[in-house]
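Protein chains in written order, with this note's numbering: chain R, 32 to 381; chain B, 146 to 469.
Just so you know, even glycine gets a beta-carbon here, dropped at the ideal spot from N, CA and C.
Just below is one structure, and these are the notes that go with it.
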Amino acid sequence: MIEIKDLHVNVGEFRIYVDELKVEDGDYLIIVGPTGAGKTILLETIAGFHVPSKGKILLHGKDITHLPPQKRGISMVYQDYMLFPHMTVRENIAYPLKVRGEKLEDVEEIARKLEIEHLLDRYPNTLSGGERQRVAIARAVIIKPRILLLDEPFSALDPGMRNSARKLVGDFIGEMEIDTIHVTHDFSDAWVLGNKLAVMRDGKIVRVGTVEDVFADPQDDFVAQFLGSTNILKGIVRERVGDLIAVEVDGHRIYTVDDAPIDKEVLVSVRPESIVISKELIHTSQRNEIDFEIEDISQEGHIVWLYLRSGELRMKAMLTPNAVESLGIRKGEHVYGSFKAAATKIVRRV
Amino acid sequence: MRNVFPLLVILLISMFFGPYVFIGVAALIFILLFLEERRKEFFIFLILSLLTFLHPLLAIFSIISLLFIMEKDNFYRVFYTLASLFVVFIIFPILNLLLYASPDALYDSSLLNAILVSFVAATSATLISIVFSLPLGYILARKDFWGKGFIESVIDLPIVIPHTVAGIILLLVFGSSGIWGAPLEEIGIRFYYAMPGIIVAMLFVSAPFLINQVREGVAKVDERYEYTAMSLGAGRFRAFWDVVLPQIKGNVLSGAVNTWARAVSEFGAVMMIAFYPMIAPTYIYFLYTNFGLKAALPATAFLLLLTLAIFTVMRYISRRMGND
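Have a look at this one:
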């Protein structure tokens, strides 16, 4: 457990001020925010690389504000991993043990769990991005830190590899039961890995809470804007229909190809650009078709946003100005919004 | 087609060793080129080389003919010519002196003694400068502070100060009645006309090479490597030792080689503070002023040969160790 109180840090041009932030035992806290928000500096301060000008950091109730980094038991993994180039993978992973004068025994086991066992005698510059990342994580957790700090761990990977990396790393950290603070600007990290979510802007934490709460109720224009445009719907899995499952969301049935156990509460995401708008009901393979009222229309450059409502269910759809014109739709009218079950993802099991 | 540049250098050098050497070298080059490519133009080069029998300087015609045969681009013709002339300017005098090398020098015990003093002093100066250059170079690379620019220029000063001036600067403080020299002499460390004086003079003029190398090396190592090592349990010293030092090994080695080379070749500053015990350059100067050029040549040639050999070996080792 780590607690931050009234923390002021000045590093060069950066200033951060965190009123209060708490990571409970078993938490996986995701911090999102735009570039330059001070996310990395916050992590570096928790790790002990910067001395705060004011405030306190408590680790399991003990004041560690002025403790040097090596005595904190907090491991940090940077975005570009910082693997020591002159050491092999094995030497890198064993480094925390070597420094402490402990026996070098868990290296192989941890390497096996992270699927890097075959790389142990290679040097970091011969590895791919994903391999480097797993080596960095193995090195950071081999002494089982009290807190693990991850600074955009997936951003250096190809988009195609991110999902599998996220799953492997998430499962591994979960199994190790290490409290984690993870800084990112990719929201998928929050869905898949986090249970708490904090939003940071201009050196301040502007919103913090469970992932569901923050997404459901951003409480702040900036947060809402930053959290992006994806429709996130909370519902309960009701039944299985062939290959699909039906999720009940605010009285509507929404079908998805993703799997989840029946009666489970889930969050479902629908990309606004994948919603097809029509005036007539058209039976297609789209599977999900809902009769909406258009609450509002707004244009941003070459994008038009439709704010749709059906009973309690609210969704956003994205169209081009041409499409809006040819459809001839106006505020207050009724339209059908349809979207494929394949474009509907379960992002999280609550 | 081969590059003509090394051939130019070889031919230009060999023309100063008389017509037989030049024609021999020219013939060898001709055979080599002709075996590779049967071009009739090469015969022009070979025939022109015979002109050296008339006058040694006429060799230049055959060299120019080879340049024109092998290089069609005027830009490279001009640049190769100027570049090779400069290389010859350095190599020929050195080779020329080596002709005077003789095993007799090995029987000159004063020379061997002077060489020993030189090597011990230069090695000590290098080791001392490693101890101080690591922290100084590190701080200059990592930290910003008021007066940093000033300190950086001060470090480079010994390179521009005339060496006799540097010697007098040091003599003033390290001399027997100097501000530092007097109290140190009381506890038994004497600089004036003694080994510590030689080391101090060498250190003063040679340390900048190492400091600058360390600074450049550290600047290239991301500070976050140290942060990472610290978060993994290493203290600051340990992080420096485990993570920074291995990554700047190449810089430290090549800086140390340059420092050693600069120290072992120093004469002016050392002579001012300690004419005795004689270092090798002082001994050569002593021979030349007391017994004339001819008497100094064997010792000089021997010293040159030894220095070249050591420098080559050290360069090779430092590159090998720095690269892996």
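Residue range 319-331 is occupied by the beta strand (DSSP E) that includes Glu324 of chain R, with no alpha helix (DSSP H) assigned at that position.
Under the three-pair Cβ rule at 8 Å, the segment 202-214 of chain R counts as touching the segment 51-68 of chain R. At least 7 Å separates the beta-carbon of Leu448 of chain B from that of Ala441 of chain B.
Sorting R:Leu135, R:Ile178, R:Ser186 by C-alpha distance to the C-alpha of Gly160 of chain R places R:Ser186 at the top. Here Tyr338 of chain R carries a strand assignment [DSSP, helix/strand/coil]. When 8 Å is used as the limit between beta carbons, Glu162 of chain R is near no residue of chain B, the shortest such separation being about 17 Å.
Using beta-carbon distances, Ser399 of chain B does not count as an interface residue toward chain R, since no partner is under 7 Å.
Setting aside the 5 residues that flank it on each side, Gly320 of chain B is surrounded in the same chain by Gly326, Tyr337, each with a C-beta closer than 6 Å to its C-beta; the list follows chain order. The shortest CA-to-CA distance from Ile360 of chain R to any of R:Glu331, R:Glu324, R:Val378 is the one to R:Glu324. The beta carbons of Gly312 of chain B and Ile418 of chain B sit about 6 Å from each other, so the pair counts as a contact at 8 Å.
Contact check for Ile308 of chain R against Ala348 of chain R passes: the beta carbons are separated by less than 7 Å. For Gly266 of chain R, DSSP records a beta bridge to R:Val297.
Following the DSSP letters along the chain, one finds Met340 of chain B inside the alpha helix (DSSP H) bounded by residues 340-365. Chain R has a Cβ within less than 7 Å of the Cβ of Leu377 of chain B.
In this structure, DSSP gives Met416 of chain B a helical state, which the three-state scheme calls helix. Close partners of Glu75 of chain R in chain B (Cβ separation under 8 Å): Tyr372. When Cβ-Cβ separations below 7 Å define contact, Gly395 of chain B makes no contact with chain R.
Under DSSP, the beta-bridge partners assigned to Glu51 of chain R are R:Lys36. Those residues of the segment 195-217 of chain R placed with their C-beta closer than 9 Å to a C-beta in chain B do not exist. With respect to Ser369 of chain R, Glu331 of chain R sits apart: the two C-beta atoms are not nearer than 7 Å. Counting only runs of 4 or more residues that sit fully inside the segment 145-230 of chain R, the alpha helix (DSSP H) segments are 160-172, 190-207, 218-224, in chain order. Taking C-alpha positions only, Pro422 of chain B is separated from Pro201 of chain B by approximately 46 Å. Annotation: Cβ neighbours of Arg131 of chain R in chain B (cutoff 8 Å, chain order): Gly378. Proximity of Tyr154 of chain R to chain B, defined by a Cβ-Cβ separation below 7 Å, is not satisfied. Residues of chain R whose Cβ lies closer than 9 Å to the Cβ of Gln392 of chain B are, in chain order, Phe115, Pro116, His117. Within its own chain, the residues whose Cβ lies closer than 6 Å to the Cβ of Glu148 of chain R, once the five positions on either side in sequence are excluded, are Ala142, listed in chain order. By the Cβ-count criterion, Val310 of chain B is exposed, with fewer than 16 other Cβ atoms from all chains shown falling within 10 Å of its own Cβ. One alpha carbon belongs to Ile236 of chain B, the other to Thr457 of chain B, and they sit about 15 Å apart. DSSP, reduced to helix, strand and coil, places Val138 of chain R within a helical segment of the structure shown.
A check of alpha carbon separations from Ile304 of chain B across B:Phe354, B:Ile296, B:Ile273 identifies B:Phe354 as the nearest. In summary, Thr351 of chain R is exposed, with fewer than 16 beta-carbon neighbours lying within 10 Å of its beta-carbon over all protein chains present. The beta carbon of Leu188 of chain R is closer than 8 Å to those of Gly160, Gly161, Gln164, Ala196 in its chain, skipping five residues each way along the sequence. Here Val214 of chain R is buried. Its C-beta has 16 or more other C-beta atoms within 10 Å. Cβ contact annotation for Leu89 of chain R (same chain, cutoff 6 Å, sequence separation greater than five): Glu34, in chain order.
Out of B:Ile356, B:Ser463, B:Arg335, B:Pro391, the CA that lies nearest to the CA of Leu398 of chain B is found in B:Ser463.
For Arg170 of chain R, the C-beta contacts it makes with chain B under 9 Å involve Thr373, Leu377, in order along the chain.
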